[in-house]
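Line by line, the protein sequences give chains A and B. If you count the first sequence from 1, position 247 lands on 246 in numbering that gives the first Met the number 0, and the numbers rise without skipping. If you count the second sequence from 1, position 437 lands on 436 in numbering that gives the first Met the number 0, and the numbers rise without skipping. Just so you know, even glycine gets a beta-carbon here, dropped at the ideal spot from N, CA and C. Remember, it's a predicted structure, so these values are computed and weren't measured experimentally. I have placed the structure first, in the form of structure tokens, so that the comments after it can refer back to it.
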Amino acid sequence: MKEFIMNKKLKIVVLAKQVPDTRHVGKDAMTPEGTVNRAALPAIFNPEDMNALEQALRIKDKTQAEVILLTMGPGRAADIIREGLFRGADGGVLLTDRKFAGADTLATSYALSQAVKKINPDIILAGRQAIDGDTAQVGPQVAEKLNIPQVTYAEEILDIQEDKLTIKRRLERGIEVVSSPMPLLITVHATAAPCRPRHAKQVMKYKSARTASENAIPEASYFLPLEGNEHLKIAEWGVQEIGGDENGFGMAGSPTKVKKVENIVFQAKEAKKLTASDSDIDSLIVELISNHTIG
Amino acid sequence: MANFYKDNTDLKFQFSHPLMGKIVELKEQGFKDFGKFDYAPQNIEDAIDSYDKVMEIMGDICGNVIAPNAEQVDHDGPVCKDGRITYAAGTQQNHEVLTQAGVYGLNLPREYGGLNFSMVPYVMAAELVSRADAGFANIWGLQDCAETIYEFASKEIKDEFLPRINKGDTCSMDLTEPDAGSDLQSVMLKATWDEEKQTWYLNGVKRFITNGDAQIKLVLARSEEGTTDGRGLSYFVYDKAWGGVTVRRIENKLGIKGSPTAELVFKNAPAKLVGERKLGLIKYVMSLMNGARLGVGAQSVGLSEAAYREALKYANERVQYKKAIINFPAVTELLAVMKAKLQASRAILYETTRFVDIYKAYNAISEERKLTPEERQEFKKYSKYADMFTPVLKMMSSEYANQNAYDAIQVHGGSGFMKEYPVERMYRDARILTIYEGTSQLQTVAAIRYVTNGSYLAKIREYEQMEFKPEFAALKAKLVAMTDQFEQACALVAGKGDEYVDFHARRLVEMAAHIIMSYLLIIDSQTCTSFVNSAKIYTNKSEAWNNERFSYIQQFNPEDLEPFNAVKSEELPEVE
């Protein structure tokens, strides 16, 4: 990215989600009923949201932008905000309200877009998709609701100018370089740079950052009071704070209804026998390329 | 996601030691930075929680970045071209991520961008890095140089160099020359004062310089023309940006291959004097050296840990005669003894570190105000302990790291001899540990005076006074008998001349070391069950090891030195 001093301080929102760690699945990951056993899976920062955070922090490195995390979830999702603060973000908002519960992507993006409007950022960054639902819908839906441009599958922000961003997209069959005016929403792909580690000083500075609800629980002797330490306050917003149509949130705002969950057991009945001959291997490669398994 | 700190509870245990509160209080001097720096702690609990959280970052980086890079770094190594060194790609990544994490300058004061941590977490970080890649531990560990600058350089030099450490500038310690290895008094690199330019200039050659192309160098040079001994040497700081130093070549080494070892040519390289003239070797390098030896102790423990884990994993996975090989008594014993040596090494590592922590803190306080008589006494006591324990730690932990790496290969059998498994790299990396920063033989020289003047014995008797749980009574009785035996061994050697003492020095120092390390394991066992098995194994082994040494000393007579001395006049026949 080229060195560039902005005339105004940019504001960036990173949309992040706390997800069950489906990549490290143990024996008890599923309940006997076939649903995800959330208790057995550690809750983590959605990996591609981490890539998005890194892109935001890189913009901050160059332009002194302010980076704010926005996440929707139960009280413990405040961990996501803290994780962001530890890695270099400046603040965070936790969207939490019983009325948000049971939201599908439509209702989620509605709540997020309402909160984004309130923050009024120049750039919104999000991971391409979350590892629990894999829909890749929330980012684009937020952009649509805000009626702003969106760039999906971003791998790197190449340049930032007063009025536009230049972005490299990682697509199935190559790369594409596009530019867009601000404000815009960008979803970031897993091939983008990994997120930087936690920063020792940030961790020490923000370790007692917490929401008002968390503040009600007994704390360690060294926790600084929230009163007078603005930087430690993690905002908690509910329906009341973000406003909007009450029927658009949570279960009420979710047209998606899960009819049935089926367990799929992979079986080896489609096995194919190959000899070690060059021709057999060649035809296998051709087949795998043509059905997009590789390449 | 691996985490080398969280997967090893023996590390966090160190933060619960009774001396930790005192250490933190001394280091934070009334928590004066609280309110001044937004990351400074307000009390002991806060500081220790920060140690824990930052070690978690170290454990994450070591487990997920440095360790996965180690094999490729060992294979690629650094490259020397046009007088400059380029690290292997993995080394560069390791350094970058650590810089991003803001962990360089761990124990530097906050005013210089550091975290103002005590030595205990600093040493722990070195141990973690070494477990991931012992070679990279050198590049990490050379931030020790900042400590020397902080302790001895002028304010101007401190302001110029120290803030750069946290931002990722690396250091080197340029001491060794072709004709000055263990004997640093022979250093020849010349420092000349240019009256007109008001600058020192360095000319000469340095050899075997770890991380030789660093941005910040501390250089030992002869500033006093016509002198030939240590009193003519001064210490200088050099900035790579000033020019005048080129890398002639880098060494092709047996191990720690990712860490560049350079031969350097100084041609009119400008430099600044650190501290006072003529104190270079006799004061500053000696201080730096003790820090470096503590560093090698940490490196050794980290490598031992890595070797033990590889061996344990393999012994559980490898099946022969229809059972995992760990179930064969010969393999079981190998592993249990490896673990005992590892935990004993770690016990003396942190015991020594605590002593260093306390005396260094008093030292820092004495810069600002006069110490009270009680403080002065404490300072003296702990600096003596640090001097006594450092050579024993360095020798024992590095020897055990080698033994553990050797045994880790043995557990792997033929597979361990192959490049597919990391134990062969560990075996090669371990080999330097008993050599650099003073060979085991030199550590013995440093330690023997504390044998002959009764200091180790007194410290051991102090441990003996401690209260232990009843189930440790038998082990303690053993150690008391071993201490009597050690005292007797010292008496047998005394009064028979320097040569006689020197001949038995290693045996005597090891006897003391075995007793001390057994006690430390028993002490840790009082509060944590993790050490109980090793305490038993190590004490019993020590008893046998000491019996062997005692028996040799007991039956030895002055005339038995003769056949040894014969080797000095040995002439091998030349074949035409």
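Cα separation between residue i and residue j?
i: Leu56 (chain A); j: Glu155 (chain A); result: 12 Å
i: Glu316 (chain B); j: Ala323 (chain B); result: 6 Å
i: Asn68 (chain B); j: Ala136 (chain B); result: 13 Å
i: Gly101 (chain B); j: Asp212 (chain B); result: 22 Å
i: Val264 (chain B); j: Leu520 (chain B); result: 47 Å
i: Tyr121 (chain B); j: Arg248 (chain B); result: 32 Å
i: Val284 (chain B); j: Ser303 (chain B); result: 28 Å
i: Lys59 (chain A); j: Arg97 (chain A); result: 34 Å
i: Asn545 (chain B); j: Val336 (chain B); result: 16 Å
i: Ala346 (chain B); j: Lys232 (chain A); result: 41 Å
i: Ile123 (chain A); j: Pro148 (chain A); result: 10 Å
i: Leu107 (chain B); j: Asn115 (chain B); result: 5 Å
i: Gly134 (chain B); j: Ile65 (chain B); result: 10 Å
i: Ala261 (chain B); j: Lys393 (chain B); result: 24 Å
i: Ala125 (chain B); j: Gly296 (chain B); result: 9 Å
i: Asp45 (chain B); j: Val23 (chain B); result: 10 Å
i: Ser550 (chain B); j: Tyr518 (chain B); result: 22 Å
i: Val300 (chain B); j: Asn289 (chain B); result: 17 Å
i: Lys567 (chain B); j: Arg206 (chain B); result: 29 Å
i: Tyr313 (chain B); j: Ala131 (chain B); result: 18 Å
i: Pro557 (chain B); j: Glu27 (chain B); result: 54 Å
Going by beta-carbon coordinates alone, are residue i and residue j separated by less than 8 Å?
i: Ala404 (chain B); j: Met387 (chain B); result: no
i: Pro193 (chain A); j: Glu53 (chain A); result: yes
i: Gly90 (chain A); j: Ser253 (chain A); result: no
i: Lys157 (chain B); j: Ile164 (chain B); result: no
i: Leu127 (chain B); j: Tyr4 (chain B); result: yes
i: Cys170 (chain B); j: Ala190 (chain B); result: no
i: Gly257 (chain B); j: Thr90 (chain B); result: yes
i: Val13 (chain A); j: Leu68 (chain A); result: yes
i: Val620 (chain B); j: Ala446 (chain B); result: Residue 620 (chain B) lies beyond the stretch modelled for chain B, which goes from 0 to 575, so this question has no answer here.
i: Ile118 (chain A); j: Gln17 (chain A); result: no
i: Asn50 (chain A); j: Gly138 (chain A); result: no
i: Met118 (chain B); j: Thr352 (chain B); result: yes
i: Tyr536 (chain B); j: Ile459 (chain B); result: Inspection of the sequence shows that residue 536 (chain B) is occupied by Ile rather than by Tyr. No, these two residues do not count as a Cβ contact at 8 Å.
i: Tyr50 (chain B); j: Phe14 (chain B); result: yes
Could you round the C-beta distance between residue i and residue j to whole angstroms and report it? I think they count as a contact, below 8 Å.
i: Leu201 (chain B); j: Ala268 (chain B); result: 4 Å
i: Val150 (chain A); j: Leu183 (chain A); result: 6 Å
i: Ile255 (chain B); j: Ile431 (chain B); result: 6 Å
Tell me which same chain residues have a C-beta within less than 6 Å of the C-beta of residue i, skipping the five on either side of it?
i: Val422 (chain B); result: Glu309, Ala407, Ile408, His411 and Gly415
i: Asp228 (chain B); result: Gln184
i: Ala88 (chain A); result: Val66 and Leu68
Check each candidate in the options and name the one with the smallest Cα separation from residue i.
i: Phe502 (chain B); options: B:Ser517, B:Ala511 and B:Ile552; result: B:Ile552
i: Ala270 (chain A); options: A:Glu261, A:Leu283 and A:Lys259; result: A:Leu283
i: Arg83 (chain B); options: B:Gln197, B:Thr98, B:Asn165 and B:Gly243; result: B:Gly243
i: Ile174 (chain A); options: A:Lys163, A:Ala191, A:Asp162 and A:Pro180; result: A:Ala191
i: Leu272 (chain B); options: B:Gln197, B:Ile255 and B:Tyr381; result: B:Gln197
i: Leu253 (chain B); options: B:Ser222, B:Thr443 and B:Ile434; result: B:Ile434
i: Met250 (chain A); options: A:Ala142, A:Ala110, A:Phe85 and A:Ala77; result: A:Ala110
i: Tyr234 (chain B); options: B:Gly413, B:Thr260, B:Gly225 and B:Asp173; result: B:Asp173
i: Ala472 (chain B); options: B:Gly494, B:Gln525 and B:Tyr455; result: B:Gln525
i: Ser533 (chain B); options: B:Ile43, B:Lys11 and B:Leu333; result: B:Leu333
i: Thr175 (chain B); options: B:Pro162, B:Glu195 and B:Leu232; result: B:Leu232
i: Tyr152 (chain A); options: A:Glu161, A:Leu170 and A:Val137; result: A:Leu170
i: Asn251 (chain B); options: B:Ser153, B:Asp73 and B:Gln99; result: B:Asp73
i: Asp20 (chain A); options: A:Phe44, A:Thr210, A:Pro31 and A:Lys7; result: A:Phe44
i: Pro177 (chain B); options: B:Cys61, B:Ser365 and B:Val204; result: B:Val204
i: Phe12 (chain B); options: B:Gln342, B:Leu491, B:Glu373 and B:Leu456; result: B:Gln342
i: Asn214 (chain A); options: A:Val137, A:Ala15, A:Ala77 and A:Arg22; result: A:Ala77
i: Ile130 (chain A); options: A:Ala64, A:His23, A:Thr62 and A:Ser212; result: A:His23
Got a sec? Which residues, its chain only, sit under 8 Å from residue i by beta carbon, not counting five neighbours each side?
i: Leu157 (chain A); result: Met0, Thr165, Ile166, Lys167 and Val176
i: Ser181 (chain B); result: Gly437, Thr438 and Leu441
i: Ala240 (chain B); result: Gln214
i: Asn42 (chain B); result: Phe30
Looking only at its own chain, which residues have a Cβ that is under 7 Å from the Cβ of residue i, when we skip the five neighbours before and after it?
i: Ala275 (chain A); result: none
i: His513 (chain B); result: Ser541, Trp544 and Asn545
i: His230 (chain A); result: none
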